[in-house]
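Taking it in order: structure first as structure tokens, then the write-up.
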Amino acid sequence: MKWYDQGKLEQAIANYEKAIQLNPKYANAYYNLGIALFDQKKLDEAVAAYQKAIQLNPKDAIAYNNLGNALSDQKKLDEAVAAYQKAIQLNPKYAIAYYNLGIALFDQKKLDEAVAAYQKAIQLNPKDADAYVGLGNALFDQKKLDQAVAAYQKAIQLNPKGDYAYNNLGNALGEQGKLEQAIANYQKAIQLNPNNAYAYNNLGNALRDQKKLEPAIANYQKALSLPDDKTGTPTTAHTLAHNNLGFALQQQGKLTEAIAEFKLAIALDKNYVTAQNNLKEAERLLALRRNPPLPIVDDRQWLPSAKDEPLVGVLRSVVRIVAEIPTGNNIGAGWVVKREGNTAWILTNRHVITDTQGINRPSEKIELEFYSQPPPGKFPPRYKAKIVQITNVNDPLDLALLEVTGIPEDIQALTMSSGSVRRTAEVIVVGHPSNGADWTTESGRVSNVISQENKLQITATLAEGNSGGPVIDTEKNQVVGLMVQITDSNPQREDAAKTTSQPSTPATGGFGFAYSMNAVTKKLRQWGIP
Numbered sequence: 001m002k003w004y005d006q007g008k009l010e011q012a013i014a015n016y017e018k019a020i021q022l023n024p025k026y027a028n029a030y031y032n033l034g035i036a037l038f039d040q041k042k043l044d045e046a047v048a049a050y051q052k053a054i055q056l057n058p059k060d061a062i063a064y065n066n067l068g069n070a071l072s073d074q075k076k077l078d079e080a081v082a083a084y085q086k087a088i089q090l091n092p093k094y095a096i097a098y099y100n101l102g103i104a105l106f107d108q109k110k111l112d113e114a115v116a117a118y119q120k121a122i123q124l125n126p127k128d129a130d131a132y133v134g135l136g137n138a139l140f141d142q143k144k145l146d147q148a149v150a151a152y153q154k155a156i157q158l159n160p161k162g163d164y165a166y167n168n169l170g171n172a173l174g175e176q177g178k179l180e181q182a183i184a185n186y187q188k189a190i191q192l193n194p195n196n197a198y199a200y201n202n203l204g205n206a207l208r209d210q211k212k213l214e215p216a217i218a219n220y221q222k223a224l225s226l227p228d229d230k231t232g233t234p235t236t237a238h239t240l241a242h243n244n245l246g247f248a249l250q251q252q253g254k255l256t257e258a259i260a261e262f263k264l265a266i267a268l269d270k271n272y273v274t275a276q277n278n279l280k281e282a283e284r285l286l287a288l289r290r291n292p293p294l295p296i297v298d299d300r301q302w303l304p305s306a307k308d309e310p311l312v313g314v315l316r317s318v319v320r321i322v323a324e325i326p327t328g329n330n331i332g333a334g335w336v337v338k339r340e341g342n343t344a345w346i347l348t349n350r351h352v353i354t355d356t357q358g359i360n361r362p363s364e365k366i367e368l369e370f371y372s373q374p375p376p377g378k379f380p381p382r383y384k385a386k387i388v389q390i391t392n393v394n395d396p397l398d399l400a401l402l403e404v405t406g407i408p409e410d411i412q413a414l415t416m417s418s419g420s421v422r423r424t425a426e427v428i429v430v431g432h433p434s435n436g437a438d439w440t441t442e443s444g445r446v447s448n449v450i451s452q453e454n455k456l457q458i459t460a461t462l463a464e465g466n467s468g469g470p471v472i473d474t475e476k477n478q479v480v481g482l483m484v485q486i487t488d489s490n491p492q493r494e495d496a497a498k499t500t501s502q503p504s505t506p507a508t509g510g511f512g513f514a515y516s517m518n519a520v521t522k523k524l525r526q527w528g529i530p
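Sequential numbering from 1 applies to the sequence shown in the UniProt record's numbering.
See the structure below:
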């Protein structure tokens, strides 16, 4: 072990391999080889070494735990969970295995199970500050802010030098509106670790929320002067800082500078959709500044004929939603479910009009656009909308109902299906994909009907911005579902000891999930929409 202890991994690996050559049944040599390979980020080889160690010594709980760590880093969370559970089965008092199990379950968004795992780790080792941080993160994502605060405070009591505990405590206090206390904790995190770029970024956010834009900008710039940190969510520290700096500059009216920052954020992480949304909005504001619109614009003059665009009526009923959140803008879809005189009601997802990186606080500024094809330099008029109904954050249905008045008379409600949906039914999904044009119609099919969850699996090329959009049966010309989630095969892993926010959804995916209309119409009836 001397080479490993000295940090000389290549020499250590050579020694372990020599030991294995001399004794192919030397389980401990395979185990140590796995550790060294893991430290070199050679995950496939580390997994193979741990598996061989386990084959030779099936009762080695520590080898199972370390195998779980390697599998977790490979994003193979189901396999990682199984490895941790096997370690716990072999050693029910193995606190670290419970802690690591909590991280994997947290990454899978199984928050109740993650909380239970962290609590068991704490029961077995009451002095484990990291387990309290992990518990706080899971409680934060459950919106149990008081309990999250208590967990972070306990972590700090156990380890007063843990900068991430102070940072995450600041996040929880900020969500409670206790900005001064949040600022104090971010400053403490920075004092303990002057290279904590996330803490500088979060401090900037708190100052921005206090309308102190210049100090906020200074902290974003400080974050950018430090080495980038890629361990947190929803993206890297520099990506967040460029985006948040851009939004602060936009609030100061410095649109050209803001656009440059949003572009830098996207260059660092092309999948960070918030920066993409913010760039679109800033470019729109700059164009309107240079070419102010007339006070009243009837966008019907910009509609194509039904001959040129057979779906014009459907597209007209699908809205583009722009909801301002603390980090800029969410952009998603919705569609008209009822019209009565001058008023229309729009159905969308809750997450489209809330701050999903915090505690799902609803946006206080929501604007809608309706389909048209304005000439270059012109933009569709916007209509202010208000939230009239929204499901609770713990409700399995992610829905919100908006109300808007004064829209053009030609915009009508879409027809909703009242029957069952056929597997393999051909459908189109209408939305505003972050990587494409607004009012894109994507062809696909229903690839699965998940009755117990009231969901349809839709196979199509989808992206963020499709959320809230209608799924329309092309044969019946009726809405059979409402998009709620896109999925890819490589979800991002978070470090539960360092993050408190929800994982971001993939920017693009080959399939997604929609709520079936039986669940949607039941909720609409409860909300007074027949």
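Think of the CB as a built atom: it goes at the ideal place given N, C-alpha and C, for glycine as much as any other residue.
Helix, strand or coil for residue i? Go by DSSP, reduced to three states.
i	result
Phe513	strand
Lys338	strand
Gly481	strand
Gly313	helix
Thr354	strand
Ile298	Per the sequence shown, residue 298 should be read as Asp rather than Ile. Three-state DSSP puts Asp298 in coil, outside helix and strand.
Glu324	strand
Phe379	coil
Leu288	helix
Gly431	strand
Thr521	helix
Asp473	strand
Ser225	helix
Glu426	strand
When the distance is taken between beta carbons, is residue j closer than 8 Å to residue i?
i	j	result
Asn448	Arg423	yes
Val115	Leu145	no
Asp229	Ala197	yes
Gly204	Asn244	yes
residue 605	Gly465	This structure cannot speak to residue 605, because the chain is shown only from 1 to 530.
Ala95	Tyr64	no
Gly468	Val352	yes
Ile266	Gln276	yes
Ser372	Asp299	yes
Ala87	Gly102	no
Ile458	Phe511	yes
Give the straight-line distance between the Cα atoms of residue i and residue j, rounded to the nearest whole angstrom.
i	j	result
Pro215	Asn202	12 Å
Val318	Val430	7 Å
Ala49	Asp128	29 Å
Ile411	Arg316	6 Å
Gln40	Ala53	18 Å
Ala425	Val337	22 Å
Pro376	Glu281	16 Å
Ala61	Gln85	10 Å
Lys188	Tyr166	7 Å
Pro396	Val520	12 Å
Leu285	Pro380	13 Å
Val47	Pro234	27 Å
Ala224	Ala344	Checking the sequence shown, residue 224 turns out to be Leu, not Ala. Taking the straight line from one Cα to the other gives about 45 Å.
Gln109	Asp398	Note on identity: in this sequence residue 109 is Lys, with Gln being the wrong assignment. So the alpha carbons of these two residues sit roughly 15 Å apart.
Ala497	Glu45	Only weak support is given to the placement of Ala497: the predicted model assigns it a pLDDT of 35, under 50, and the value that follows is read from those uncertain coordinates. Near 26 Å, if we compare the C-alpha coordinates of Glu45 and Ala497.
Asn219	Leu43	36 Å
Pro310	Leu303	12 Å
Gln153	Lys211	28 Å
Ala150	Pro194	25 Å
Met483	Asn66	39 Å
Phe262	Asp269	11 Å
Tyr383	Thr440	21 Å
Find the nearest neighbour of residue i within the set the options, judged by alpha-carbon distance.
i	options	result
Phe247	Asn15, Ile62, Glu364, Thr327	Thr327
Ala97	Lys76, Asp112, Ala131	Ala131
Thr239	Gln51, Gln250, Leu264	Leu264
Asp73	Asn100, Gln51, Leu90	Asn100
Thr256	Asn91, Gly232, Ala463, Glu283	Glu283
Gly332	Phe370, Ala184, Tyr118, Asn69	Phe370
Ala437	Gln123, Glu175, Leu462	Leu462
Identify, in the order they occur along the chain, each residue of the same chain with its Cβ nearer than 8 Å to the Cβ of residue i, setting aside the five sequence neighbours on each side.
i	result
Ala385	Ile321, Ile346, Ile366, Glu367, Leu368, Leu402, Glu403, Val404
Ile20	Tyr26, Ala29, Tyr30, Leu33
Between residue i and the rest of its own chain, which residues show a CB-CB distance below 6 Å, the 5 nearest in sequence each way excluded?
i	result
Gln142	Leu111
Arg208	Ala216, Ala248
Ala460	Val429, Glu442, Gly444
Ala241	Asn201, Tyr220, Ala223, Leu224
Ala104	Ser72, Leu77, Ala80, Val81
Excluding five sequence neighbours on each side, which residues of the same chain lie with their C-beta closer than 7 Å to the C-beta of residue i?
i	result
Thr354	Asn360, Arg361, Pro362, Ser363
Val421	Val446, Val449, Leu456, Val480, Ser516
Gln147	Leu139
Counting only C-beta atoms, is residue i closer than 8 Å to chain B at any point?
i	result
Thr391	No chain B is present in this structure, which holds just one protein chain.
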